[in-house]
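What follows is a single structure, written as structure tokens, with notes after it.
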Amino acid sequence: MAMISLVLILLVGGVIAALSERLSSNAPRWVALATIALTLGYLLAVMATMDDLQRLQASTPSDPATWLMHFKSPWIPAFGINLEMALDGISLLMVLLTLFLGAVAVSASWTDVDQHQGFFEANLLWTLAGVLGVFMAVDLLLFFVFWEVMLIPMYFMIAIWGHENRAYAAMKFFIFTQASGLLMLVATLGLVAAHREATGVFSFSYFDLLHTPMSETTAHWLMLGFFIAFVVKLPGFPFHTWLPDAHTQAPTAGSVILAGILLKTGAYGLIRFAVPLFPTAAIEFAPIALFLGVAGILYGAVLAFAQTDFKRLVAYSSVSHMGFILLGVYALNELALQGALMQMIAHGFSTAALFMIAGALQERLHSRDMRQMGGLWQAMPRMGAVAMFFVVASLGLPGLGNFVAEFLVLLGVFQVDRWIAVIAALGLITGAVYSLMLMQRAFHGEPNPRFENLQLNDFGAREMFTMAAMIVALVALGLYPQPILDTTQSSVLGLVEWIAQGVAQ
Amino acid sequence: MSNAIGLVPLLPLLSSLLLMIFGARMTRPMITLLGVGSVGAAALATAALAMEFMANPQPIEITLWTWMKVANLTSGVAFYVDGLTLVMMSVITGVGFLIHLFSSEFMHQDASYARYFAYLNMFVCAMLVLVLADNLLLLYLGWEGVGVCSYLLVGFWYTDRANGRAARKAFIVTRIGDTAMALGLLLLFTELGTLDIQSMVGAANAKWQVGDSLPTLACLLLLAGAAGKSAQLPLHTWLPDAMAGPTPVSALIHAATMVTAGVYLIARTHGLFLLSPTAMTTVAIVGIATSLLAAVTALMQSDIKRILAYSTISQIGYMFLALGVGAWTAGIFHLMTHAFFKALLFLGSGAIIHCLHHEHNIFKMGGLRSRMPVTFWSFMIGSAALAALPMTSGFFSKDQILLQAYQQASIGPWLWLAGLLGALLTAVYSFRLVFIVFFGNAKTEPDREIGWAMAIPLTILCALSMVGGYFALPLAQVFPTASADHPAHWVEIVSIGVPLVGLAIAYGLYLGRQLSAPSWTTGVTGQALREFWFSGWGIDRLYDGLLVRPYDRLAALFSSEPVDRFYSAIVDVNQTLHQWLSSTQSGRMRWYIASMVFGLIALLGIAFNIAPGAL
Amino acid sequence: MQELAVPLNHVLLVSSLLFCIGMLGLMMRRNIIFILMSLEVMLNASALAFIAAGAHWGQPDGQIMFMLILSVAAAEVAVGLGLVLQVQRRFKTLDMDNANRMRG
Amino acid sequence: MTAQQFLALAPILSLSLTVIVLMTQTSIRRNPHLAWWITAVGLLITLWCAEYASGFTQQVTPLFKVDLWGLWFSALLVFAALVSLMLARDAFPAEGHRKEEFYLLLLLATLGAVVLAQACHIASLLLGMELMGIALYAMIAFPKDGSLPLEAAIKYLVLSACASAMLLFGFALVYAATGDLSYAGIGAKVGAAYVQNPVLVMTGSAMVLAGVSFKLSLAPFHMWTPDVYQGAPTTVTSFLATLSKGAMFIALTRFVIDGQLYHYPALLNALAALAMASMLIGNWLALRQTQIKRLLAYSSTAHIGYLLVILISLPQLAEGSQLAPLGRAAVSYYLAAYIVTTLAALSVVHMIGGEDDTDLDAYRGLFWRHPVQAATLSVAMLSLAGIPLTAGFIAKFYVIALSYDAQLWWLLGTLVVGSAIGIYYYLRVIFSMASAAQVTSSAGESQRGWRNPLAILLLLMVLGLGTLPQAFIDLASQF
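Residue numbers (this note's numbering), protein chains in the order written: chain A, 37 to 541; chain B, 5 to 619; chain C, 115 to 218; chain D, 84 to 562.
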């Protein structure tokens, strides 16, 4: 029940935020912050009262009793659909990340959104609610519902508060994800049908469907349906083209949510569903997925380098980073999976921060074109320093979270396929190329003469506080990632064992 | 004391963080105190540590905390101190402190004074972590950390585009090496199951035989990393450009410490390299080739810092040669003496540049001997040590290297011969510099002589350059002992004599004018050759054409997002169909009826199986 | 079952022909009056087919259907003619090809 | 006929009675308000009758088969008529004194639809269809001004009559082959007849299909739809889009199932071809359409295509599948979802553009002007697009589940492609509402007090069907 409450708090908070606009234009923001804080507080309170946190040490994917939380209540019994949610270490981390970045997004929207603030914050909270649902649902239909529904407020955020080309971007985003979602729906129903044929029981429950005997061909096709849906969201090469447009056109808070959280749902889906539901098929498919991952790393990096739009560059860098996640998931060993999870979190912070910087620049310069920038460090040293931090974070500087992630992924992949790891490692070089180019074009060089007419305010207290929180988070992830690794370890181990069993059968 | 090891990198780190956060609000003296003082304190702590170690020369290991523990990977933030580490720490904190002190005057006028010391302190911290690390992953952390600091400091004056370019080049070229090194780490971990250096070497020796291919591969990958960081062939091109940074930075990072990290890495993992004679030979060949190539290039340069930069590349080549022939101690010894005299030379050049309104061209200098006596003597001593004139510190270290190179099993004499040629060239170019800059007619007037904060470090470094050769390094336990037998006496005598010959040639060419350049050097071929050498054997241009421009072109090619064209095509198909179908909605009733009739006929067709079914 | 004087298939063929004629008229005529007439032909073709079939099976159902079709046709034409008047009044023509203001 | 049978026919009788009462009232003294109330009360009583009649389900004469399914649909259709009636309340101010006739026509058309839903005989099918059709011609042409309604009416009349002719000719051929006019009778005899004279059976069935396809606006018989939707007053469009389509689809389902025509793969192929063509062509046509009623017209083509997939899958599931009992529920659910959603959409369209069709530009900024209406239209569009939590999603869920079980891969693939295309234009409507208004004029927008409650009611129904479908499924399981 606690898990449903989390979603409900956010939903209701959204409604209140929408209505509170009548009080003042700032009210919705405070409501949003309070809602997120309340959700977080509630979650922590529930965790605090739980006496079986040690379950984190022993979770098996197929047994809900070993999960941290599990909740099940009938929804559409005719089809065996339940309101079934469960929380393990991976979900917990993702939920925490979501709430954290949600607060960051509210901060990012503080001055960026100057009309219909109420509806904006409502959409933001509703998106968060949907994402939380995605991270906790273990009924496949419920998962699908959250999966699709979270996109609608996101669509609104891009379509209403986006930049000049928002119609195109919002539409592209929605169609890509929905069309691939349809494939997932078909695959889900196929899986359920297969399960029903084998057992006679109509069930959408993850824990039931994990034990679905099916022919190899069926498994391949169904796996592909899930895979495409998740890889589009991830996004993996060659399904990534919605992302640069969506990220570029979204308002800052939207980009933060998109890059920080929404992309992670794709990765989460791969780890939670696409792989364990079809272990054998996943292993046979792994080489292709690894190839796509590597292709994404390099392709994203090359394209990031070619961009002149600040946000587009960061967006392509996300494509590149997400390639590492794809690699990590399909290397199918503990090291790489932990790396992928780490990357999900670290990338969430680093990219969210870069998008916030992009948003701050857009607010001040009314442009995202890096040809219109240059030498900004002089006018805004704080922003420059912060940007420098996140740029080196995104190029994988050891000591920061992204490095831990990428290194673990490479380590894991190397054990599976050396050449893939070698090519993926090229991403470290190409990553440096575009990251430093970003720094050079925006902050270094001679100050652009155009700035003389502009009021260039350096980061203020609110922005610095937000940034500092993310800096601390990344440093902590980079120097002491063990708590995070421990949280997910049992789930990851369970998954690896599950696959090994599945293959053995 | 051993518990305070952590303090050594922590002090500069704290100082750096404080400067970053509060630097804008601090006064200059406070910044100086914090920036210079923290490194001074670290130096004192190092000295205390060294005392303790001398008393009880046992390696010290401490683990601060577990960094990550995933599957069979366990990596701690853990430090390992032995003689080698201590030598490195002493150089870093000692020379580092002097350079910090020097900087406090050199950079005093700069608007970003706090930022400068923040970066510099961060660098010292990262460098200390690099040498203290007990596992390769933590070493890699320091390794990349110094890379970033180098990037920040080379591009310190960021408003100039060229500086930014040089900084990026430095970072990216070294990153290429770093990536190879990371792959080496992956390979080593996958094969040996640990990244802890001591246990890894043990495991390697247990698992592999001398001459196996896997250790060779691993060592070559590590070598690539080392070559990147230490500016060796073929990844040396970044170092001359990196001179764009403030001169003290060049002294600290690009002469004394960071660039020798590669030497340290190979020395630290010598247990692995010993398993692979091939890798060892490669190290030696890379070293001597780089050394010669850079020496020739240095001879052609006119920018004072570029001369020193090529000289650095060349000297590190010697260190690699030493490592390659198994002269571990000699290599580290040369690392240390080189740190002294090269820091001296760089600081000296910094003093010149400082006093000569940022003039870099040696041909616009001259006659500075009398006007800047402190600097002159520093340069004299530094050049003498660099040229390895007898009794200077450089003499001892280089002599050892050449002698041990001669004894290398396979191609020893050839290495020795090449090394001699290098030594000759070194003497020529170093005294060419001295003669042109300090003798002859004054071309640019210095506006002042240096102040005490610059003079003291120079003086101390002069002293170290002179007496550094008598230091006994506590490396006996670290490295296997070198063979005791000495080569023939004539070898030793030739080795001693060659630098003197070089000095004579330089005197003849540039000061006394007794010699004139052979006639062919002024001809067309000579001119072309000089330009070729001046540009560093055209390697930059080669890379530009081979890597940089193709990458640019690739990016330009892809910038229109070819993948998206596929999706656009889908959209276009749908649009076209929409338009086409819309045009059928003509509003004409008879046309509508016709379509119904068509539909009826089609249905009849399907009903009679004329058309293939859809099911 | 009482056999028809004319084989069922022949009647059906005739009615099919009628139907086709009606349909062709519908497609080729532009005048709304003729269009309505063609419709009438088509409806009557089906009515004829019903009658023939009813006769074939010796059931009254066919004729009942015929009656129903007759009345339906009458109703359609009644409304149709009402509309024709309006068409003439508003468009000043009975050419249906002119009534194509809605398209796309 | 026994009393029981009369009671079973209660909805039809109640509607007929309302018609008579209304005619009497009109002939005594014209009063549009009173007439509206009479119609409304009559429809409400009919709703109650539909419930009441469920106690007396039986075959009533060879013409009607009163079963729960039919009654349920009758109620649904009457509900749709009620919503249309609500919309008609302040429609046609210019025709003020003639409005009673409109209500009368509306009642007659509803009666036709209800007859169609319960028909099990070709005669009653013909009667219902034509009763509805002829009333609709008049309703479309009802506005005095403007040439579009007239053009729409004449097109609908001619084309619909042509389709009726095809249908009737087809039935005549089937009758000639089988000698029976009731669905069940045809079903019983068609097997033997096919052996004897396959040409007759197949030609007949194909022509019947063609006729029905027209009424359902399946491609390539869809061409009238946009013109008529656009030209007809929005009130009538809502009637056309819901009652007419719904009743016809029920009739088709009954005919295909009771007539056991599914034994003939060729016919199923024909249905599949129609479905595929409709799903694709409908969506393609709607893609860049900016007139909202035309857009909904094309969308209806696509949706009936999806619905047809259920129909095709039903016979395939006959043996052994657990989904088989769900088949009828699926048709019920889909139709209910589609009707409610379309009503929701058209009620907003009616508020914005009155009886005329409007460009999407008129919807700009609707979110800030009329949030409730905008929310309703958004949810309706999302439902049409099949997004979860709306009725349209569960409907699509049914279609996919059934077609998966029936292994209709091609149809499934087309469905996915079609739905993906569909998202584009449904979202475009939402985007228009969310974008900033160019002009803040709300000239044509009627702001009567009942608009928001109606919108909220329909909104809740769409969401309710989507979020709590179990209640509906329980209900449908009785059929």
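All C-beta atoms in this analysis are idealised placements derived from N, C-alpha and C, irrespective of residue type, glycine included.
Determine the burial state of E449 (chain B): buried for a count of at least 16 other Cβ atoms within 10 Å of its Cβ, exposed for fewer.
Indexing the second sequence from 1 puts residue 449 (chain B) at position 445. Answer is exposed; the Cβ neighbour count stays below 16.
Inspect the beta-carbon positions of A205 (chain A) and D148 (chain A) and report whether they are closer than 8 Å.
Position 169 of the first sequence, counted from the start, is the residue given in the question as residue 205 (chain A). Position 112 of the first sequence, counted from the start, is the residue given in the question as residue 148 (chain A). No; because the gap between Cβ atoms is not below 8 Å, this pair is not in contact.
For G80 (chain B), list the residues DSSP reports as bridge partners.
Start at 1 with the first residue of the second sequence, and residue 80 (chain B) comes out as number 76. Bridge partners of G80 (chain B): B:T70.
My parser needs the alpha helix (DSSP H) runs of 4 or more residues fully inside the region 520-560 of chain B; what are they?
528-538 and 543-547
Suppose the cutoff is 6 Å on Cβ atoms and the five residues either side in sequence are ignored; what does the same chain contact list for R348 (chain A) look like?
The sequence position of residue 348 (chain A) within the first sequence is 312, counting from 1. Hits under 6 Å: P280 and T284.
With K227 (chain D) as the anchor, note down where its alpha helix (DSSP H) starts and where it stops.
Position 144 of the fourth sequence holds residue 227 (chain D). Where K227 (chain D) is concerned, there is no enclosing alpha helix (DSSP H), because DSSP gives it neither an H nor an E.
Three-state secondary structure (DSSP) at V143 (chain D)?
Numbered from 1 along the fourth sequence, position 60 holds the residue referred to as residue 143 (chain D). Residue state, collapsed to three classes: strand.
Under 7 Å Cβ-Cβ, which residues of chain B neighbour F254 (chain D)?
Counted from its first residue, the fourth sequence places residue 254 (chain D) at position 171. What F254 (chain D) touches in chain B: nothing, since even the nearest Cβ is about 15 Å away.
Could you tell me whether any Cβ in chain B is nearer than 8 Å to the Cβ of C245 (chain D)?
Looking up residue 245 (chain D) in the fourth sequence gives position 162. In terms of beta-carbon proximity, C245 (chain D) lines the interface with chain B, with at least one pair separated by less than 8 Å.
In the DSSP output, what is L119 (chain A) paired with across the bridge?
As a working note, residue 119 (chain A) is residue 83 in the first sequence. Partner(s): A:S109.
Does I196 (chain A) get closer than 8 Å to chain D when you measure Cβ to Cβ?
Here residue 196 (chain A) corresponds to residue number 160 of the first sequence, with the count starting at 1. Chain D, which has a Cβ nearer than 8 Å to the Cβ of I196 (chain A), makes this yes.
Name, in chain order, the residues that DSSP records as bridge partners for I194 (chain A).
Counted from its first residue, the first sequence places residue 194 (chain A) at position 158. DSSP lists no partner for I194 (chain A).
At the level of alpha carbons, what is the spacing between I188 (chain A) and S461 (chain D)?
Residue mapping note: residue 188 (chain A) aligns to position 152 of the first sequence, counting from 1. Residue mapping note: residue 461 (chain D) aligns to position 378 of the fourth sequence, counting from 1. Cα-Cα distance, rounded: 10 Å.
Do S288 (chain D) and A606 (chain B) have their C-beta atoms within less than 8 Å of each other?
Residue mapping note: residue 288 (chain D) aligns to position 205 of the fourth sequence, counting from 1. Residue mapping note: residue 606 (chain B) aligns to position 602 of the second sequence, counting from 1. Contact flag unset, no.
Quick one: is V284 (chain D) near chain A, going by C-beta distance under 8 Å?
For the purposes of this step, residue 284 (chain D) is identified with residue 201 of the fourth sequence, where counting begins at 1. For V284 (chain D), the answer is no, since every Cβ of chain A falls outside 8 Å of its Cβ.
Mind listing which residues of the region 580-613 of chain B have their C-beta closer than 7 Å to chain C's C-betas, in chain order?
Those would be S586, Q589, S590, G591, R592, M593, R594, I597, A598 and V601, in chain order.
Please report whether the beta-carbon of I504 (chain D) lies at a distance below 8 Å from any beta-carbon of chain B.
For this step, residue 504 (chain D) is matched to residue 421 along the fourth sequence. Yes, because at least one Cβ of chain B sits closer than 8 Å to the Cβ of I504 (chain D).
Thinking C-alpha only, which one of A:V458, A:A423, A:P485 and A:L515 is nearest S471 (chain A)?
On the first sequence, residue 471 (chain A) is found 435 positions in, with the first residue counted as 1. The candidate whose alpha carbon is nearest that of S471 (chain A) is A:A423.
Assign I196 (chain A) to one of two classes, buried (16 or more other C-beta atoms within 10 Å of its C-beta) or exposed (fewer than that).
Translated into the one-based positions of the first sequence, residue 196 (chain A) becomes position 160. Buried: at least 16 other Cβ atoms inside 10 Å.
On the CB-based measure, 16 or more other CB atoms within 10 Å of its CB, does L292 (chain D) come out buried or exposed?
Indexing the fourth sequence from 1 puts residue 292 (chain D) at position 209. Buried: at least 16 other Cβ atoms inside 10 Å.
Roughly how many angstroms separate the alpha carbons of V104 (chain D) and L541 (chain D), rounded to a whole number?
For the purposes of this step, residue 104 (chain D) is taken as the residue at position 21 of the fourth sequence. For the purposes of this step, residue 541 (chain D) is taken as the residue at position 458 of the fourth sequence. Going from the Cα of V104 (chain D) to the Cα of L541 (chain D) covers about 29 Å.
Beta-carbon neighbours of M39 (chain A), restricted to chain D and to distances below 9 Å
Looking up residue 39 (chain A) in the first sequence gives position 3. Within 9 Å Cβ-Cβ: nothing; M39 (chain A) doesn't reach chain D, min ~18 Å.
Taking C-beta pairs closer than 8 Å, name the residues in chain D that M207 (chain A) reaches, listed in chain order.
Here residue 207 (chain A) refers to the residue found at position 171 when the first sequence is read from its first residue. Going along chain D in sequence order, the residues near M207 (chain A) (Cβ under 8 Å) are Y507, L510, R511 and F514.
Compute the Euclidean distance between the alpha carbons of E442 (chain A) and G336 (chain A), then round it to the nearest angstrom.
In the first sequence, counting from the first residue as 1, residue 442 (chain A) sits at position 406. In the first sequence, counting from the first residue as 1, residue 336 (chain A) sits at position 300. About 15 Å.
Any chance the region 100-119 of chain A sits against the region 166-181 of chain A, with 3 or more Cβ pairs inside 8 Å?
yes
Measuring straight from C-alpha to C-alpha, what distance separates D310 (chain D) and M106 (chain D)?
Here residue 310 (chain D) refers to the residue found at position 227 of the fourth sequence. Here residue 106 (chain D) refers to the residue found at position 23 of the fourth sequence. The straight-line gap from Cα to Cα measures roughly 31 Å.
Which residues, in chain order, does the region 135-148 of chain B contribute to contact with chain A at a C-beta distance below 9 Å?
Answer set for the region 135-148 of chain B: L141, L142, Y144, L145, G146, W147 and E148.
Would L53 (chain B) pass as a contact of I9 (chain B) if the rule is Cβ separation under 8 Å?
As a working note, residue 53 (chain B) is residue 49 in the second sequence. As a working note, residue 9 (chain B) is residue 5 in the second sequence. It is a contact, given that the beta carbons lie within the stated cut-off.
What distance in whole Å lies between the Cβ atoms of G512 (chain B) and V441 (chain B), which are believed to be in contact at a cut-off of 8 Å?
What you label residue 441 (chain B) is simply residue 437 of the second sequence in a count that begins at 1. What you label residue 512 (chain B) is simply residue 508 of the second sequence in a count that begins at 1. About 18 Å separates the two Cβ atoms, so there is no contact after all.
Measuring only the C-alpha atoms, how far is K269 (chain A) from C223 (chain B)?
In the first sequence, counting from the first residue as 1, residue 269 (chain A) sits at position 233. In the second sequence, counting from the first residue as 1, residue 223 (chain B) sits at position 219. If I take the Cα positions, the gap works out to 41 Å.
F210 (chain A) CB to nearest chain D CB: under 8 Å?
Locating residue 210 (chain A) in the first sequence gives position 174, counting from the first residue. Interface residue, yes.
When the Cα atoms are used, what is the spatial distance from W456 (chain B) to L351 (chain B)?
Working through the second sequence from its first residue, we reach residue 456 (chain B) at position 452. Working through the second sequence from its first residue, we reach residue 351 (chain B) at position 347. Using only the alpha carbons, I get a separation of about 13 Å.
I'd like to confirm the pairing. Which residues does DSSP put opposite K148 (chain D) in its beta bridges?
Here residue 148 (chain D) is taken as the residue at index 65 of the fourth sequence, counted from 1. Its beta-bridge partners are D:Q142.
Output the distance between the C-alpha atoms of G236 (chain A) and T253 (chain A), rounded to the nearest integer angstrom.
Numbered from its first residue, the first sequence carries residue 236 (chain A) at position 200. Numbered from its first residue, the first sequence carries residue 253 (chain A) at position 217. Looking at the two C-alpha atoms, the distance is approximately 21 Å.
Is P485 (chain A) buried or exposed, if buried means 16 or more other CB atoms sit within 10 Å of its CB?
Taking the first sequence and counting its residues from 1, one reaches residue 485 (chain A) at position 449. So P485 (chain A) counts as exposed.
CA-to-CA distance, G176 (chain C) to A169 (chain C), given in whole angstroms:
If you number the third sequence from 1, residue 169 (chain C) lands on position 55. If you number the third sequence from 1, residue 176 (chain C) lands on position 62. Roughly 7 Å between the two C-alpha positions.
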